[in-house]
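Numbering (the working numbering), first residue to last: 1 to 65. As structure tokens, the structure follows; a few thoughts come after it.
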């Protein structure tokens, strides 16, 4: 599991956009608005895909090591 901080996720609409994009990319994930993060359940390729999807939506993802 890898956590990606998404500090500019502000509302349920952000959660919906992220959920739709990551579901379409066929990733296993959890979005947490209160913590402002996305947890990816998968390999490094999955994490890179998630980061790309988040950037494409206009967010600034920060992978937590």
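The beta-carbon is built from N, C-alpha and C at its ideal position, and this holds for glycine as well. Quantities reported herein were computed from a predicted structural model and do not represent experimental measurements.
Secondary structure note for residue 38: its beta strand (DSSP E) is the uninterrupted segment 37 to 40. Membership of residue 30 in the beta strand (DSSP E) is indicated by the continuous run 29 to 32.
Beta-bridge annotation (DSSP): residue 19 is not paired with any residue. Spanning the alpha carbons of residue 9 and residue 3 requires a straight line of approximately 14 Å.
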